[in-house]
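Protein chains: 4
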Amino acid sequence: MNSFGQLFRVTVFGESHGPAIGAVIDGCPAGFELNSEAIQEMLDRRRPGGNALGTARNEADQIEILSGLSNGMTIGSPIAFIIRNRDTRSQDYNSIKEVFRPSHADFTYEAKYGLREQSGGGRSSARLTAPLVAAGAIAKQLLASKNIHCYAYISAIGNTRWETPIEWTTDEKTALAHLANTNWQSAKIPCPNESAQQSMQNCIEEIAQNGDTIGGEISFYACGMPAGLGAPLANKLSAQLAHAMSSINAVHGFEFGSGFAGTSMKGSAHNDVFTAIDETQARTASNYSGGLQGGISNGMPIYGKVAFKPISSIRTPQQMLNKDNQLIEKTIEGRHDACPVPRAVPIVEAHLALTLLDAYLQNRLSKW
Amino acid sequence: MNSFGQLFRVTVFGESHGPAIGAVIDGCPAGFELNSEAIQEMLDRRRPGGNALGTARNEADQIEILSGLSNGMTIGSPIAFIIRNRDTRSQDYNSIKEVFRPSHADFTYEAKYGLREQSGGGRSSARLTAPLVAAGAIAKQLLASKNIHCYAYISAIGNTRWETPIEWTTDEKTALAHLANTNWQSAKIPCPNESAQQSMQNCIEEIAQNGDTIGGEISFYACGMPAGLGAPLANKLSAQLAHAMSSINAVHGFEFGSGFAGTSMKGSAHNDVFTAIDETQARTASNYSGGLQGGISNGMPIYGKVAFKPISSIRTPQQMLNKDNQLIEKTIEGRHDACPVPRAVPIVEAHLALTLLDAYLQNRLSKW
Amino acid sequence: MNSFGQLFRVTVFGESHGPAIGAVIDGCPAGFELNSEAIQEMLDRRRPGGNALGTARNEADQIEILSGLSNGMTIGSPIAFIIRNRDTRSQDYNSIKEVFRPSHADFTYEAKYGLREQSGGGRSSARLTAPLVAAGAIAKQLLASKNIHCYAYISAIGNTRWETPIEWTTDEKTALAHLANTNWQSAKIPCPNESAQQSMQNCIEEIAQNGDTIGGEISFYACGMPAGLGAPLANKLSAQLAHAMSSINAVHGFEFGSGFAGTSMKGSAHNDVFTAIDETQARTASNYSGGLQGGISNGMPIYGKVAFKPISSIRTPQQMLNKDNQLIEKTIEGRHDACPVPRAVPIVEAHLALTLLDAYLQNRLSKW
Amino acid sequence: MNSFGQLFRVTVFGESHGPAIGAVIDGCPAGFELNSEAIQEMLDRRRPGGNALGTARNEADQIEILSGLSNGMTIGSPIAFIIRNRDTRSQDYNSIKEVFRPSHADFTYEAKYGLREQSGGGRSSARLTAPLVAAGAIAKQLLASKNIHCYAYISAIGNTRWETPIEWTTDEKTALAHLANTNWQSAKIPCPNESAQQSMQNCIEEIAQNGDTIGGEISFYACGMPAGLGAPLANKLSAQLAHAMSSINAVHGFEFGSGFAGTSMKGSAHNDVFTAIDETQARTASNYSGGLQGGISNGMPIYGKVAFKPISSIRTPQQMLNKDNQLIEKTIEGRHDACPVPRAVPIVEAHLALTLLDAYLQNRLSKW
């Protein structure tokens with residue numbers, strides 16, 4: 037129940053204010069030489085910074101790998117790793133222990149388990165995405181060794197938008213030239229377009245100054261996928277992606293290819309016509325399918341979007357119910373971002389990589 | 037790999053032009069008295085009709101239950117049922133055996149399995165949703181016995197839209213008064229609003245006359261759910277819904293609650309403030325959360341939308357690749373709808389019910 | 037819960053006196069040409085005969101394959117098949133509806149599900165092994181195409197025994213020469229030794245004349261397995277075999293290699309010394325390991341034994357509790373074998389093949 | 037693939053000579069107050085001691101719980117824990133790096149993963165049973181709160197035997213009076229009979245003096261189980277037990293109830309006649325069924341035996357193949373027990389508890 041994936045299975049454990057968080061990856065094949073530094077680098081990308089855009093919580097998030105590797109080589113046994121929780125200022129949360137914050141998981145968690153987890157959001161905290169990102173960093177490396185590349189970037193903060201260029205959907209060389217060779221990933225706003233970065237940052241800062249929060253969108257993009265990954269009925273690759281992306285905190289929507297906009301298109305315009313590129317290989321001229329036809333990859337870039345609602349922890353006073361079911365007014369203390377999407381970029385990227393790798397392994401079983 | 041659900045697991049088998057299709061439901065608890073007629077009724081709602089809106093294929097789709105019941109009572113063993121394929125005019129498909137239809141699963145299926153399934157779409161056909169609908173009809177009955185009610189209806193055909201009334205999202209009594217007591221479900225366009233039905237039907241007929249197809253949206257709505265169903269990290273109820281809905285043919289998007297529109301909202305506006313309705317119970321004044329907070333139900337109505345791309349089988353000539361990787365022009369024969377959503381309404385409803393029932397059973401395991 | 041296997045997953049449905057029994061195989065790779073007659077032949081081997089050794093129930097047990105094949109070729113989608121129940125003389129069971137037969141599943145089934153399944157043993161009946169045997173026949177064919185061969189034979193009826201020759205455990209050629217080329221499988225007592233067949237048959241007939249029943253043992257033997265199948269910790273191949281064999285009705289014990297006799301051996305005698313057979317390949321001189329070391333196959337023959345208790349349905353009067361918890365004396369009517377093992381031979385063989393095939397597929401995932 | 041259990045799922049990670057070993061338990065219900073000291077106590081029972089009977093390796097095996105508890109209370113999220121490896125004298129293993137030890141997992145592990153894990157047996161080491169024992173200690177506590185009690189004890193070392201008294205199989209009060217109230221568990225030879233302890237110890241010491249090893253048997257015994265746990269076809273409780281027990285290193289056999297001895301019994305003698313103990317409850321007069329009828333518990337004590345082959349690491353010179361496939365003579369260095377069973381007692385107990393708890397949770401899903 038706390039696992040992602042079927043064949044490359046990641047079980048995430050930990051709570052935001054316990055001793056440590058971590059994950060166990062079961063199903064990583066033996067014989068792959070892992071770059072541990074790349075894992076730490078990807079983790080660092082989701083780490084809360086010290087600037088206006090991120091929470092003030094500052095943790096090294098140093099990963100310790102406990103098993104599954106021998107001299108950096110995967111050996112076929114589970115890869116377990118932990119990240120110690122160090123800066124757990126739970127006093128920030130004492131004041132909200134007795135209330136149910138609006139649109140937060142306090143109420144629902146207590147309804148499910150009959151108790152509230154310890155302060156700080158516990159199991160529902162975005163902190164729990166760190167192990168997932170580390171697992172995703174491993175998946176990315178495995179895929180990259182097969183020339184499959186996974187990216188995520190911000191496409192909207194509130195109404196400030198930057199759309200994936202339409203040519204990227206059919207031409208991965210142009211996309212990779214930009215995505216792989218520029219420094220956008222380390223920007224405060226990981227969006228491949230510099231002027232959009234600035235507009236988006238302005239938007240967040242304005243919202244933050246008012247103690248409010250704002251939603252946004254993250255786009256995902258993968259290329260190099262062989263045709264034939266996924267399944268025709270249950271466990272379509274699109275459904276696996278929808279599941280993975282919708283598992284991220286604050287996500288309220290998912291689409292791929294033409295997405296919601298495709299609902300008002302005609303078939304004659306939406307159909308992706310095949311073209312031969314040589315005697316045996318084919319591509320499509322357009323890619324409204326988002327690289328997935330009938331739930332199975334067709335070899336074209338896979339792309340889509342994930343919708344994030346605004347974070348519920350605003351800094352202005354709100355009406356809340358307490359445990360005696362009485363309405364009181366209260367302001368949420370603690371460290372909270374003004375927008376969920378900047379730190380969620382590596383999380384979307386991680387889920388993309390984990391899902392594609394799982395589909396890749398599943399496909400080893402499709403033919404006798 | 038061909039199963040839906042974890043504890044109430046539905047494995048769908050069959051191809052559109054083989055002897056029969058069907059499913060096995062594993063995990064149905066013993067001691068529930070099933071109404072078999074209601075299963076057949078729901079199946080009939082997805083059945084291709086003889087009118088301008090549906091395909092000309094006319095099958096009785098008579099369900100035969102083979103196991104799992106004794107005098108109508110569930111006995112704890114798997115419920116297996118089959119639906120015979122009778123009207124399999126595979127000659128319609130002979131002409132397309134040697135080509136890859138654009139935006140269809142021909143190409144991807146062959147890439148995955150190394151062979152093309154028999155004509156007629158085989159495993160990728162929408163016909164395979166029939167067993168799923170029958171399983172959903174069973175799930176609906178189990179849920180209804182706990183006062184949980186599941187609905188789906190069309191909210192858009194192309195640009196012709198009818199939105200779920202905002203008051204339904206917080207007030208299930210008003211919603212049920214309309215949804216449970218009117219005849220909209222048996223209409224050609226299953227939309228709760230009669231004038232919208234007419235506009236949508238006009239839209240489809242116009243498209244069909246031109247041999248083209250159009251996309252659309254289906255809304256889902258469930259009420260009566262107890263608070264506490266779902267999970268805080270992996271297997272969020274929202275992720276399970278996203279997976280289920282994205283498993284439906286032609287689906288390109290999923291959202292719940294505020295959905296994509298929520299990405300441009302501020303937290304102060306988006307937060308759903310709790311209100312006490314008596315000394316122990318609470319509800320929220322708004323419901324942008326779509327009944328799900330932190331992946332767990334909060335007792336409010338669960339609602340959202342599913343986006344369908346236009347069907348790829350248009351009746352006008354198209355460029356296609358043949359097996360020799362040469363481009364030819366061809367017109368697709370056979371029976372195809374002009375819009376996927378009218379017949380998909382009971383499918384969305386079925387996936388909604390199956391997902392909620394699975395979460396309901398999962399919750400029996402949450403407390404010691 | 038009603039499935040066998042992880043990657044080649046067989047879900048068995050049906051009850052002994054319902055309309056049909058059957059199974060769905062999910063995970064059969066595409067592109068294998070199946071011999072349907074061989075399936076029926078293996079089914080016929082477990083069919084109740086008309087002689088003194090089997091029950092009087094006579095059913096054709098004709099398999100109908102509903103999906104997953106196209107012109108005899110597997111296409112990657114689930115293989116579903118049914119076997120109609122025809123000769124359901126449920127009146128035989130009316131008299132025992134109200135009592136709990138000793139050492140039968142009546143009492144425990146009712147405790148589990150809160151109701152008794154329909155007469156005739158329902159879900160617990162040995163009849164439910166027929167779909168499993170059919171699935172096993174498919175698994176056997178897939179394995180045979182990789183030169184992996186699976187056998188089962190009787191090694192004891194009561195105290196009448198015939199042991200697997202020790203040379204077979206290290207020399208599959210000798211074993212196959214006998215197992216594959218003689219007619220022992222179609223004998224009333226499927227034991228490779230003719231004189232043992234006769235002694236065993238005498239034993240059963242004597243028991244049957246007294247209205248009593250007797251237990252026995254079945255040996256399994258597989259050869260051609262590549263080294264490296266299984267897993268070192270959980271899901272050892274030995275554990276998967278133990279699970280499969282212990283799922284058979286009336287089984288009370290399982291052992292492989294030296295088995296229980298190995299508990300009193302010294303390590304110096306038990307160790308299987310490797311010998312080189314050429315520059316790159318090795319075998320062991322003895323095979324107390326039963327082909328499995330550390331839960332993983334070593335390329336040597338896999339062998340072991342399954343212990344069956346006597347069937348509980350004896351024909352003499354017994355003390356039984358009725359539903360009012362009162363002790364009454366009663367004689368069980370209906371058709372019952374005097375010994376479970378003759379008809380269980382193809383069942384053991386089926387479970388052996390299913391387990392090895394599952395391990396074979398699992399191994400496609402072990403290396404990057 | 038590295039998990040035990042379906043609803044109370046234990047994923048074990050780590051290798052014997054890496055930084056740490058541990059496990060994640062997914063599916064532990066919320067709201068149970070855990071006694072951490074009892075976990076450590078059970079771990080200590082499998083710890084290598086300093087006496088003639090155990091290996092010389094001396095590790096504190098201190099468990100650190102990282103998640104899933106809040107003030108000792110389970111909170112519904114995964115319980116992760118680690119045990120650091122401290123005393124890893126891998127130089128002992130350097131000398132065997134290049135050879136395949138007879139009847140050890142060296143050869144098969146390399147065949148599976150294409151590489152040999154680091155020295156010391158790596159993943160195949162008995163050290164990996166420590167996390168399983170800790171998980172079992174948790175399962176035992178949960179079961180004990182429902183009055184279900186789990187025991188394991190040695191019943192044979194070589195040919196020195198002590199059998200479970202026949203009256204224990206029908207009378208749990210007598211059994212518990214002895215098992216729960218005497219100090220046999222902390223003995224060097226955890227067998228409930230003191231004189232048998234002494235004979236068994238003599239047997240081991242004699243074997244050890246000759247540098248040889250010997251096999252043995254462990255009995256398991258559980259009482260307090262409600263009737264109705266298990267399943268009638270796949271996943272019989274007996275099959276789940278067979279799987280769990282056969283997952284233990286060196287296990288070559290499993291039986292329950294009458295076991296292999298039952299194969300030569302007649303049905304008239306083997307049948308367990310029910311007797312009413314009051315107006316609504318029943319028991320059986322004998323218990324050849326081992327508490328399991330048709331794969332489902334009948335409320336009587338569950339008991340059986342597990343067969344262990346002798347440990348393959350003997351201290352005398354043996355013929356081994358090296359990596360060049362050449363035969364050399366070599367003596368295995370390092371710390372190894374002369375008999376696997378003394379330290380395996382808590383492991384059998386742990387698997388018993390984990391299996392019964394899983395069945396207990398599964399049964400929450402059997403009735404509507």
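Residue numbers (the numbering used here), protein chains in the order written: chain P, 37 to 404; chain H, 37 to 404; chain L, 37 to 404; chain W, 37 to 404. Ideal Cβ positions, reconstructed from N, Cα and C, are used throughout, including at glycine.
Got a sec? Which residues, its chain only, sit under 8 Å from residue 301(P) by beta carbon, not counting five neighbours each side?
-> 294 and 324
Going along chain W in order, which residues have a C-beta closer than 9 Å to the C-beta of residue 55(P)?
-> 100, 101, 102 and 103
Could you name the residues of chain P that residue 402(L) contacts, counting a contact when the two beta carbons are closer than 7 Å?
-> 65, 66 and 112
Could you check where the beta strand (DSSP E) with residue 47(H) kicks off and where it finishes?
-> 45 to 49
Going along chain W, which residues have a C-beta under 8 Å from residue 397(H)?
-> Around residue 397(H), the beta-carbon contacts reaching into chain W at under 8 Å are 401.
Give me the Cα-Cα distance between residue 335(P) and residue 353(W), rounded to the nearest whole angstrom.
-> 58 Å
Do we get a CB-CB distance below 9 Å when we pair residue 325(L) with the residues of chain W?
-> yes
Report yes or no: do three or more beta-carbon pairs, one from the stretch 300 to 320 of chain H and one from the stretch 208 to 215 of chain P, lie closer than 8 Å?
-> no
Taking the runs of the beta strand (DSSP E) that are 3 residues or longer, which of them lie wholly in the stretch 139 to 199 of chain W?
-> Listed in chain order, they are 185 to 193.
Hey, residue 247(H) and residue 350(H) are a contact pair by Cβ (cut 8 Å); roughly how many whole angstroms apart?
-> Yes, they are in contact, since the Cβ atoms of residue 247(H) and residue 350(H) sit about 6 Å apart, within 8 Å.
Within-9 Å CB hit, residue 248(W) to chain L | yes
Would you mind telling me which residues of chain W sit closer than 8 Å to residue 151(H), beta carbon to beta carbon, in chain order?
-> Near residue 151(H) there are no residues of chain W at all, since even the closest Cβ is about 29 Å away, more than 8 Å.
Could you pull the start and end residues of the beta strand (DSSP E) that residue 96(W) belongs to?
-> Per DSSP, residue 96(W) belongs to no beta strand (DSSP E) and is neither H nor E.
Chain L beta carbons: is any one of them nearer than 9 Å to that of residue 170(W)?
-> no
Quick one: does residue 62(P) have its CB under 9 Å from some CB of chain W?
-> Interface criterion met: the Cβ of residue 62(P) is under 9 Å from a Cβ in chain W.
Residue 48(P) to residue 38(P), Cα distance in whole Å?
-> 6 Å
Who are the Cβ neighbours of residue 70(P) in its own chain at under 7 Å, not counting the five residues just before and after it?
-> 105, 108, 110, 174 and 177
Residues of the stretch 180 to 209 of chain H with a CB closer than 9 Å to any CB of chain L: list them in chain order, please.
-> none
Determine the extent of the beta strand (DSSP E) in which residue 357(W) is found, giving its start and end residues.
-> 354 to 358
Applying the criterion that 16 or more other CB atoms from any shown protein chain within 10 Å of the CB defines a buried residue, is residue 398(W) buried or exposed?
-> buried
Between the C-alpha atoms of residue 231(W) and residue 45(L), what's the straight-line distance to the nearest angstrom?
-> 49 Å
For the 8 Å Cβ check, are there 3 or more pairs between the stretch 363 to 381 of chain H and the stretch 251 to 266 of chain H?
-> Proximity of the stretch 363 to 381 of chain H to the stretch 251 to 266 of chain H meets the contact definition, three or more beta-carbon pairs being nearer than 8 Å.
Per the contact definition of three or more C-beta pairs closer than 8 Å, is the stretch 141 to 151 of chain W in contact with the stretch 222 to 231 of chain W?
-> No contact exists between the stretch 222 to 231 of chain W and the stretch 141 to 151 of chain W.
Same chain, Cβ closer than 7 Å to residue 268(P), five either side skipped, listed in chain order | 330, 331 and 332
Within its chain, find whatever has a CB closer than 8 Å to the CB of residue 56(P); leave out the 5 residues flanking it on each side and keep chain order.
-> 50, 118, 119, 120 and 121
So what's residue 367(L) in DSSP terms, helix, strand or just coil?
-> Taken through DSSP and simplified to helix, strand or coil, residue 367(L) comes out as coil.
Where do the N-terminal and C-terminal ends of the beta strand (DSSP E) with residue 259(W) fall, by residue?
-> 252 to 259
By how many angstroms is the C-alpha of residue 179(H) removed from the C-alpha of residue 210(H)?
-> 20 Å
Please specify which runs of the beta strand (DSSP E), each continuous and at least 3 residues long, are wholly inside the stretch 232 to 306 of chain H, giving them in chain order.
-> At a cut-off of 3 residues, the continuous stretches assigned as beta strand (DSSP E) that sit fully inside the stretch 232 to 306 of chain H are 252 to 259 and 287 to 292.
8 Å contact criterion, which residue 138(P) and residue 356(P) should meet: CB distance rounded = 6 Å
Chain-order list of residues whose beta-carbon lies under 7 Å from that of residue 66(L) (same chain, five-residue window excluded) | 110, 111 and 112
In or out: residue 98(H) buried (at least 16 other Cβ within 10 Å) or exposed?
-> exposed
Chain H beta carbons: is any one of them nearer than 9 Å to that of residue 264(L)?
-> no
Counting pairs of Cβ atoms below 8 Å between the stretch 301 to 310 of chain P and the stretch 236 to 247 of chain P, do you hit three or more?
-> no
From the beta carbon of residue 167(P), is the nearest beta carbon of chain L less than 9 Å away?
-> no
Alpha helix (DSSP H) containing residue 454(H): first to last residue?
-> A question about residue 454(H) goes unanswered here, because the residues of chain H that appear run from 37 up to 404.
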